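For reference, the structure discussed in these notes is given below.
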Amino acid sequence: MSSISIDSERLLGRIRSLGEIGRGIDGQLIRLAASDTEKLGRDQFVTWARASGLDVAIDRIGNVFGIWKSEGSDGEPILLGSHIDTVINAGIFDGCYGVLAGLEVIVTLKEAGLLPSRPIVVAAFTNEEGVRYAPDMMGSLVYSGGLEVEDALSTVGTDGSILGEELARIGYAGDRQPGFLKPHAYIELHIEQGPVLEREGIQIGAVENLQGISWQKVTITGDANHAGTTPISMRRDAGYAAARVVTFLRDRAKASNTPTVATVGCMQFAPNAINVIPSRATFTIDLRDPDEDRLQQEEAALAAFLEILGQEESVTIDVERMARFEPVKFDDGIVTKIETAAASRGLTTRRMTSGAGHDAQMIARIAPSAMIFVPSQAGISHNPKEYTPDADLIAGANVLLDVVQALAMR
Ligand code: HGY
Ligand code: MN
Ligand code: MN
Ligand code: MN
1 MSSISIDSER
11 LLGRIRSLGE
21 IGRGIDGQLI
31 RLAASDTEKL
41 GRDQFVTWAR
51 ASGLDVAIDR
61 IGNVFGIWKS
71 EGSDGEPILL
81 GSHIDTVINA
91 GIFDGCYGVL
101 AGLEVIVTLK
111 EAGLLPSRPI
121 VVAAFTNEEG
131 VRYAPDMMGS
141 LVYSGGLEVE
151 DALSTVGTDG
161 SILGEELARI
171 GYAGDRQPGF
181 LKPHAYIELH
191 IEQGPVLERE
201 GIQIGAVENL
211 QGISWQKVTI
221 TGDANHAGTT
231 PISMRRDAGY
241 AAARVVTFLR
251 DRAKASNTPT
261 VATVGCMQFA
271 PNAINVIPSR
281 ATFTIDLRDP
291 DEDRLQQEEA
301 ALAAFLEILG
311 QEESVTIDVE
321 RMARFEPVKF
331 DDGIVTKIET
341 AAASRGLTTR
351 RMTSGAGHDA
361 QMIARIAPSA
371 MIFVPSQAGI
381 SHNPKEYTPD
391 ADLIAGANVL
401 LDVVQALAMR
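Numbering-wise, the sequence shown is residues 1 to 410 according to our numbering.
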């Protein structure tokens with residue numbers, strides 16, 4: 001077992017104080033990408049990183065890097081991190097835990113007087129959640145060469161804002177080219193956001209793969225008409241057609257006995273009046289599966305259903321792809337180091353798949369990567385009830401500390 005451990009109080013204190021930045025008077029925590037509240041969160045991370053003696057670099061898509069290049073260290077860095085942007089009415093652990101634990105690992109190594117053979121860097125990636133600007137994991141996608149930075153900066157948000165203008169406005173339109181640091185390895189510590197670890201009573205998840213993600217935006221157009229006078233047989237009801245899509249997706253995923261999951265998270269009707277048949281329904285579809293072939297089959301089945309639905313309901317259906325990421329397999333060597341580190345601390349561990357998307361899904365394109373999970377109480381996340389007990393948060397950070405030492409200590 002490693003001779004050093006993180007400073008638990010410092011880490012837990014920082015998680016809780018960052019968790020209050022962006023909390024509205026209604027108690028909701030919201031730090032959407034490149035918003036004023038996210039700026040405050042970024043500023044806090046930069047302040048802590050600089051106070052820890054790290055150099056801070058910001059790239060053109062606003063990714064923030066805390067860099068520790070100790071004397072004698074050389075070569076490609078070990079990269080840690082995650083994100084500090086949130087969904088709407090978020091919990092305090094998603095993303096922030098990985099960024100702050102990464103910083104904590106660096107400070108712990110510095111305080112122990114240890115000198116890694118490589119630089120160690122902790123990143124806070126821009127727009128991981130994708131709530132304001134699609135696609136999600138955008139900062140790490142650009143960083144890993146999956147999206148041109150100019151295209152990303154010109155993205156129009158759900159509020160009509162332009163990402164590049166917003167990053168400039170909050171002072172995080174950096175000057176470094178994305179990808180300026182090629183990582184030797186990337187390890188992301190994250191809450192599981194699902195029920196597996198808690199249900200099995202396991203403390204550490206050694207994440208070996210991450211499922212594919214397909215995001216689509218659908219617009220169904222019918223005819224507005226009088227809710228009282230229009231016979232059912234004469235309706236071109238966009239709202240009803242949209243509802244058929246929702247039940248199609250759920251029924252198919254439920255009957256499939258596969259890990260496929262499908263979610264319609266956003267839906268708007270127009271004109272959105274109690275006594276008017278909706279002329280337009282706009283909604284999103286989030287389809288995921290750890291197997292690429294099956295994910296493609298699900299996308300094809302959906303497309304075929306929409307074709308038939310359009311004819312049956314006499315509506316037009318337009319589909320816009322918003323994001324598409326293939327499943328990712330992480331580096332077996334690093335996953336094994338995670339298992340070894342957990343076992344050496346007497347922690348129970350298991351290999352597992354990540355249901356959620358993460359920056360590691362993108363960085364795995366350019367460097368050997370893996371993730372460490374800690375349990376989420378009742379599997380809840382993207383919800384203010386998101387919670388992980390202190391002991392698990394500390395255990396995860398210590399496993400990250402040990403894996404970094406295994407990768408970077410002389
Ligand atoms: O959608 C996701 O899985 C991630 O939280 N952005
Ligand atoms: Mn996250
Ligand atoms: Mn999230
Ligand atoms: Mn995520």
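For every residue, glycine included, the Cβ atom is placed at its ideal position computed from N, Cα and C.
For clarity, every value in this text was computed on a predicted model and none was experimentally measured.
When the Cα of residue i is compared with those of the options, which residue comes out closest?
{"i": "I162", "options": "K329, S35, A367 and L12", "result": "S35"}
{"i": "P375", "options": "T247, E298, E20 and M352", "result": "M352"}
{"i": "A238", "options": "C266, D402, T316 and K385", "result": "T316"}
{"i": "Q203", "options": "R294, I191, I120 and Y186", "result": "I191"}
{"i": "E188", "options": "E165, E148, F373 and I106", "result": "F373"}
{"i": "A101", "options": "Q193, G157, L40 and I6", "result": "I6"}
{"i": "A123", "options": "A343, V156, K110 and I67", "result": "I67"}
{"i": "E165", "options": "S154, T158 and L407", "result": "S154"}
{"i": "A224", "options": "F269, S233 and P278", "result": "P278"}
{"i": "E299", "options": "F325, R16 and L167", "result": "F325"}
{"i": "G22", "options": "L12, E38, R16 and R10", "result": "E38"}
{"i": "V156", "options": "L29, D392 and A134", "result": "A134"}
{"i": "R169", "options": "K385, I61, M322 and Q296", "result": "I61"}
{"i": "G98", "options": "L393, G310 and D136", "result": "L393"}
{"i": "G212", "options": "I4, Q296 and R288", "result": "R288"}
{"i": "V335", "options": "A323, R321 and A360", "result": "A360"}
{"i": "A323", "options": "L167, T263, D136 and S233", "result": "D136"}
{"i": "E111", "options": "R16, E150, I4 and W215", "result": "I4"}
{"i": "R321", "options": "R50, D251 and W215", "result": "W215"}
{"i": "F248", "options": "A301, L197 and A57", "result": "A301"}
{"i": "T158", "options": "G379, M267 and T47", "result": "M267"}
Roughly how many angstroms separate the alpha carbons of residue i and residue j, rounded to a whole number?
{"i": "S381", "j": "F93", "result": "9 Å"}
{"i": "T348", "j": "G171", "result": "43 Å"}
{"i": "D26", "j": "G91", "result": "14 Å"}
{"i": "V64", "j": "D55", "result": "10 Å"}
{"i": "R14", "j": "N257", "result": "41 Å"}
{"i": "R236", "j": "G222", "result": "5 Å"}
{"i": "E128", "j": "S82", "result": "8 Å"}
{"i": "G357", "j": "T126", "result": "14 Å"}
{"i": "A185", "j": "N272", "result": "50 Å"}
{"i": "V411", "j": "E148", "result": "Outside the displayed range of the chain (1 to 410) lies residue 411, so it cannot be described from this structure."}
{"i": "D383", "j": "G194", "result": "One point to set straight first is that residue 383 is Asn, not Asp, in the sequence displayed. About 12 Å."}
{"i": "T229", "j": "I30", "result": "43 Å"}
{"i": "D291", "j": "F269", "result": "33 Å"}
{"i": "A343", "j": "A406", "result": "14 Å"}
{"i": "V246", "j": "I220", "result": "13 Å"}
{"i": "K385", "j": "E20", "result": "14 Å"}
{"i": "S8", "j": "N398", "result": "9 Å"}
{"i": "F180", "j": "S144", "result": "10 Å"}
{"i": "G201", "j": "G265", "result": "30 Å"}
{"i": "R199", "j": "R350", "result": "12 Å"}
CB-CB under 8 Å to residue i, same chain, minus the five flanking residues each way: which ones, in chain order?
{"i": "A303", "result": "V319"}
{"i": "A227", "result": "I274, N275, V276 and I277"}
{"i": "L18", "result": "G41, Q44, F45, I84, I92, C96 and L100"}
{"i": "R294", "result": "T258 and T260"}
{"i": "R410", "result": "L115, P116 and S117"}
{"i": "V404", "result": "I78, L80, V105, L109, P116, I120 and I187"}
{"i": "K182", "result": "E76, I366 and A367"}
Output needed for residue i: all residues of its chain with C-beta closer than 6 Å, excluding positions within five of it in sequence on either side, in chain order.
{"i": "D59", "result": "G174, R176 and P178"}
{"i": "L109", "result": "none"}
{"i": "G396", "result": "L189, I372 and V374"}
{"i": "Q377", "result": "Y387"}
{"i": "S52", "result": "V107"}
{"i": "V218", "result": "F283 and V319"}
{"i": "G310", "result": "I317"}
{"i": "A152", "result": "I61, M138 and V142"}
{"i": "S490", "result": "Residue 490 lies beyond the stretch modelled for the chain, which goes from 1 to 410, so this question has no answer here."}
{"i": "A262", "result": "L249, A253 and L287"}
{"i": "K337", "result": "V403 and A406"}
Determine the burial state of residue i: buried for a count of at least 16 other Cβ atoms within 10 Å of its Cβ, exposed for fewer.
{"i": "K254", "result": "exposed"}
{"i": "T260", "result": "buried"}
{"i": "T388", "result": "buried"}
{"i": "P231", "result": "exposed"}
{"i": "E313", "result": "buried"}
{"i": "A341", "result": "buried"}
{"i": "G355", "result": "buried"}
{"i": "A391", "result": "exposed"}
{"i": "S369", "result": "buried"}
{"i": "E150", "result": "exposed"}
Which same chain residues end up closer than 7 Å to residue i when comparing Cβ atoms and leaving out the 5 residues on each side of it in sequence?
{"i": "V425", "result": "The displayed coordinates of the chain run from 1 to 410. Any statement about residue 425 would go beyond what the structure contains."}
{"i": "G146", "result": "M362 and R365"}
{"i": "D408", "result": "First, the amino acid is wrong: residue 408 is Ala here, not Asp. Hits under 7 Å: I78, P116, S117, R118 and I120."}
Output yes if chain B places a C-beta closer than 9 Å to the C-beta of residue i; else output no.
{"i": "Y186", "result": "Looking for chain B here will not work: only one protein chain is present."}
Would the stretch 108 to 126 count as touching the stretch 71 to 83 if we require 3 or more Cβ pairs under 8 Å? yes
Across the stretch 326 to 337 and the stretch 202 to 219, are there enough close Cβ pairs to call them in contact, namely three or more that are closer than 8 Å? yes
Do the stretch 274 to 282 and the stretch 305 to 314 meet, that is, are 3 or more Cβ pairs less than 8 Å apart? no
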